[in-house]
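2 protein chains.
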Amino acid sequence: MGQKGEAKRVQIVKAANDLFYKQGFGATSFADIAKASGLPKGNFYFYFPSKDSLLNAVLDDRVQSLQSKLQSFEHNYATPRERLLRLAEMPIKDFENITRYGCPMGSLSSELGKCCEELETRTIEMFDVLKNWIAGQLTEMGQSPAASQATARHILTTMQGAALMAYTYGDPVWIEDTVAHMKATIAAL
Amino acid sequence: MGQKGEAKRVQIVKAANDLFYKQGFGATSFADIAKASGLPKGNFYFYFPSKDSLLNAVLDDRVQSLQSKLQSFEHNYATPRERLLRLAEMPIKDFENITRYGCPMGSLSSELGKCCEELETRTIEMFDVLKNWIAGQLTEMGQSPAASQATARHILTTMQGAALMAYTYGDPVWIEDTVAHMKATIAAL
DNA sequence: GTCTATACCTTGATAGAC
DNA sequence: GTCTATCAAGGTATAGAC
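Now the structure itself:
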């Protein structure tokens, strides 16, 4: 596949990523992606054998974004506590999107679980990246591996709940309260 | 509408309720409901003018179930703390369904938010019933109205997060840990 | 490699017989 | 009131021209 082909592939994934987030995977048709990307819809099947395959590419992209984000935390902040605090307040910065479209990981996971189990396992991958990174920070802070996992689960659970409720009510107050609570918890660890 | 007609209506709502929970609203077709209820699909439009209308009937049913459940808590347990503890441990009893299909309220809310805003407001109704009941118990325990609302939001947020994560991972540990944590919080109030 | 045209299926909804 | 047959629309996916 040539240079131009790769660029087009990226273009498709980019448009699909956005639409899968804002409309959901099932509600997004190839016609939608064609309109958003400016590419004719028959072309997609040259790059992706199926819609599921396209979603897989989108998930690859999201995992990579998440990993580089976490890496930037490690680079920019010296202590694990500081890193976790920055992570916890991320939903504040993104509250508009979360309130309107939900958490990119949580809402997709919720949707895929109902229809396609194979794809659901891919979303677990994404959550695992985040969970294990959080647990790693906690271990670095002196928690045992088991305790780190439990605390990481607690943090993920709370943030996902906040995103879902803020999305349901269309009100960021659910995020604000939860983030404040979470930051206090982390600071006290 | 006669007696038999009403019975059939209930039968349709019952089958739809189950399928909307286990497969999702969008993924459930009239053909599915026909197969599950044993009724021919062309018949549905005599009872419901549209699929949305059927969902509304399902939501009415769920709200009523929820309200009678909460009423039974009031009847069976003397103190608000006891009632909240019983509510908090409900997901434990239902962990198998939640792990497989998610929370009936949360997963539906997540799905509807992406497609139909009018129906999304109906799910808020359901959450409000629960939220305001929890807040009422907390007020009875001496919390101020504002604090009661904030605590009720916190409880709802946490339980929804636990349901979503248990569903995503297909693992009830997310529920067990969260319920234990929640019960400790309530007991300490 | 790129794009058009279209096949084929499933969906929600309707028309009309009984 | 109840049910069968069918419609129009929109979906994914494919065939094949260029």
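Taken in sequence, the protein lines are chains A and B. Using the working numbering, read the first sequence as starting at 1 and increasing by one per residue. Using the working numbering, read the second sequence as starting at 190 and increasing by one per residue. Every residue gets a Cβ at the ideal spot worked out from N, C-alpha and C, and that includes glycine.
**OP:** Could you tell me whether the segment 366-375 of chain B touches the segment 153-163 of chain A, using the rule of 3 or more Cβ pairs below 8 Å?
**Re:** yes
Subject >> Beta-carbon neighbours of T178(A), restricted to chain B and to distances below 8 Å >> reply: Indexing the first sequence from 1 puts residue 178(A) at position 178. Near T178(A) (Cβ distances below 8 Å), the residues of chain B are H343, T346.
**OP:** Scan the segment 248-286 of chain B and note each continuous alpha helix (DSSP H) run of 4 residues or more that stays entirely inside, going in chain order.
**Re:** 269-277, 279-282
**OP:** Just the C-alpha distance for D366(B) and R311(B), rounded to the nearest angstrom, thanks.
**Re:** Taking the first residue of the second sequence as position 1, residue 366(B) is located at position 177. Taking the first residue of the second sequence as position 1, residue 311(B) is located at position 122. Each residue's Cα considered, the two are about 30 Å apart.
Original post:
S109(A) versus chain B: which residues are under 8 Å apart at the beta carbon?
Top reply: Taking the first sequence and counting its residues from 1, the one referred to as residue 109(A) is at position 109. Simply L353, Y356, T357.
**OP:** For M330(B), name the three-state secondary structure that DSSP assigns.
**Re:** Translated into the one-based positions of the second sequence, residue 330(B) becomes position 141. M330(B): coil per DSSP, three-state reduction.
**OP:** Please compile the residues from chain A whose C-beta is within a distance smaller than 9 Å of the C-beta of W322(B).
**Re:** If you number the second sequence from 1, residue 322(B) lands on position 133. The contacting residues do not exist; W322(B) stays about 16 Å from chain A at best.
Original post:
Is K114(A) buried or exposed, if buried means 16 or more other CB atoms sit within 10 Å of its CB?
Top reply: For the purposes of this step, residue 114(A) is taken as the residue at position 114 of the first sequence. It is buried - the Cβ of K114(A) has at least 16 other Cβ atoms within 10 Å.
Original post:
With a CB to CB cut of under 8 Å and the five nearest residues on each side skipped, what residues in its chain are close to T28(A)?
Top reply: Walking along the first sequence from the start, residue 28(A) turns up at place 28. These residues qualify, in order along the chain: A16, L19, F20.
Original post:
L190(A) and M126(A) look like a contact to me (Cβ under 8 Å); what is the Cβ gap, rounded to whole Å?
Top reply: This structure does not reach residue 190(A), given that chain A is present from 1 up to 189, and the question cannot be answered.
**OP:** Output yes if chain B places a C-beta closer than 9 Å to the C-beta of I124(A); else output no.
**Re:** Walking along the first sequence from the start, residue 124(A) turns up at place 124. Output row for I124(A): interface = yes.
Original post:
Going by the CB atoms, is the gap between R272(B) and E263(B) shorter than 9 Å?
Top reply: Numbered from its first residue, the second sequence carries residue 263(B) at position 74. Numbered from its first residue, the second sequence carries residue 272(B) at position 83. The answer is yes: Cβ separation under 9 Å.
Original post:
Can you tell me where the alpha helix (DSSP H) with S109(A) in it begins and where it stops?
Top reply: Here residue 109(A) refers to the residue found at position 109 when the first sequence is read from its first residue. Note, S109(A): alpha helix (DSSP H), 104-115.
Subject >> Euclidean distance between Cα positions of A36(A) and L243(B) >> reply: For the purposes of this step, residue 36(A) is taken as the residue at position 36 of the first sequence. For the purposes of this step, residue 243(B) is taken as the residue at position 54 of the second sequence. The straight-line gap from Cα to Cα measures roughly 33 Å.
Original post:
Does the beta carbon of V231(A) sit closer than 9 Å to a beta carbon anywhere in chain B?
Top reply: The shown model of chain A, from 1 to 189, leaves out residue 231(A), and the question about it has no answer.
Original post:
Taking Cβ positions only, does H370(B) come closer than 9 Å to chain A?
Top reply: Position 181 of the second sequence holds residue 370(B). Yes, because at least one Cβ of chain A sits closer than 9 Å to the Cβ of H370(B).
Subject >> 8 Å CB neighbourhood of F30(A) in its chain, flanking five on each side removed >> reply: By 1-based counting over the first sequence, the position of residue 30(A) is 30. Correct list, in chain order: K41, F44, K51.
Subject >> is_contact[V247(B), chain A] using C-beta, thresh 9 Å >> reply: On the second sequence, residue 247(B) is found 58 positions in, with the first residue counted as 1. Output row for V247(B): interface = no.
**OP:** Count the other C-beta atoms from every protein chain shown that fall within 10 angstroms of the C-beta of K131(A), then say buried if there are 16 or more, exposed otherwise.
**Re:** Taking the first residue of the first sequence as position 1, residue 131(A) is located at position 131. K131(A) should be labelled buried.
Original post:
Would you say F219(B) faces chain A, with C-beta separation under 9 Å as the test?
Top reply: Numbered from its first residue, the second sequence carries residue 219(B) at position 30. No, its Cβ sits nowhere closer than 9 Å to a Cβ of chain A.
Original post:
If you measure beta-carbon to beta-carbon, which residues of the segment 14-39 of chain A are closer than 9 Å to chain B?
Top reply: K22, Q23, G24, G26, A27
Original post:
From what residue to what residue does the alpha helix (DSSP H) around K183(A) run?
Top reply: Working through the first sequence from its first residue, we reach residue 183(A) at position 183. Element bounds for K183(A): 173-187.
Subject >> chain A contacts made by the segment 253-266 of chain B, where a contact means CB separation under 7 Å >> reply: none
Subject >> Closest Cα partner of D128(A) within the set A162(A), L119(A), V63(A), A7(A) >> reply: To locate residue 128(A), count along the first sequence from 1; it is residue 128. For the residues A162(A), L119(A), V63(A), A7(A), the minimum Cα distance to D128(A) belongs to V63(A).
Original post:
Taking all protein chains shown into account, do 16 or more other C-beta atoms lie within 10 angstroms of the C-beta of T99(A), making it buried, or fewer, making it exposed?
Top reply: Walking along the first sequence from the start, residue 99(A) turns up at place 99. With 16 or more Cβ atoms within 10 Å of its Cβ, T99(A) is classed as buried.
**OP:** Note down, in chain order, every chain B residue with its Cβ under 9 Å from the Cβ of F127(A).
**Re:** Walking along the first sequence from the start, residue 127(A) turns up at place 127. M354, T357, Y358, listed in chain order.
Original post:
Can you check whether the CB of D249(B) is closer than 9 Å to the CB of K203(B)?
Top reply: As a first step, residue 203(B) must be located in the second sequence, where it is residue number 14. As a first step, residue 249(B) must be located in the second sequence, where it is residue number 60. Cβ atoms of K203(B) and D249(B): not closer than 9 Å.
Original post:
Cα separation between P293(B) and S144(A)?
Top reply: Along the second sequence, read from residue 1 onward, the residue named residue 293(B) stands at position 104. Along the first sequence, read from residue 1 onward, the residue named residue 144(A) stands at position 144. Cα to Cα, the separation comes out at about 35 Å.
**OP:** Measure the alpha-carbon distance for G24(A) versus L108(A) and round it to whole angstroms.
**Re:** For the purposes of this step, residue 24(A) is identified with residue 24 of the first sequence, where counting begins at 1. For the purposes of this step, residue 108(A) is identified with residue 108 of the first sequence, where counting begins at 1. About 7 Å.
Original post:
If we count the other Cβ atoms within 10 Å of its Cβ and call it buried at 16 or more, is L422(B) buried or exposed?
Top reply: Residue 422(B) falls outside the range modelled here, since chain B spans only 190 to 378, and no answer is possible.
**OP:** Starting from the Cα of T158(A), find the closest Cα among L70(A), G26(A), T185(A), T139(A) and give me that residue.
**Re:** The count along the first sequence starts at 1 and reaches residue 158(A) at position 158. Ranking the options by Cα distance to T158(A), first place goes to T185(A).
Subject >> E120(A) at chain B interface by Cβ criterion, 9 Å >> reply: Position 120 of the first sequence, counting from 1, holds the residue named residue 120(A). Answer yes: the Cβ-Cβ gap between E120(A) and chain B drops below 9 Å somewhere.
Subject >> Cα-Cα separation, R198(B) to I364(B) >> reply: Looking up residue 198(B) in the second sequence gives position 9. Looking up residue 364(B) in the second sequence gives position 175. The alpha-carbon atoms of R198(B) and I364(B) are separated by roughly 35 Å.
Original post:
Is there a Cβ from chain B that is less than 9 Å from the Cβ of N43(A)?
Top reply: Working through the first sequence from its first residue, we reach residue 43(A) at position 43. Not an interface residue.
Subject >> Whole-number beta carbon distance between P280(B) and A324(B), since they are thought to touch under 8 Å >> reply: In the second sequence, counting from the first residue as 1, residue 324(B) sits at position 135. In the second sequence, counting from the first residue as 1, residue 280(B) sits at position 91. Contact doesn't hold; Cβ gap of about 19 Å is too wide.
**OP:** State the DSSP-derived secondary structure class of F188(B), mapped to helix, strand or coil.
**Re:** Past the boundaries of the shown model lies residue 188(B); chain B is included only from 190 to 378, so the question cannot be answered.
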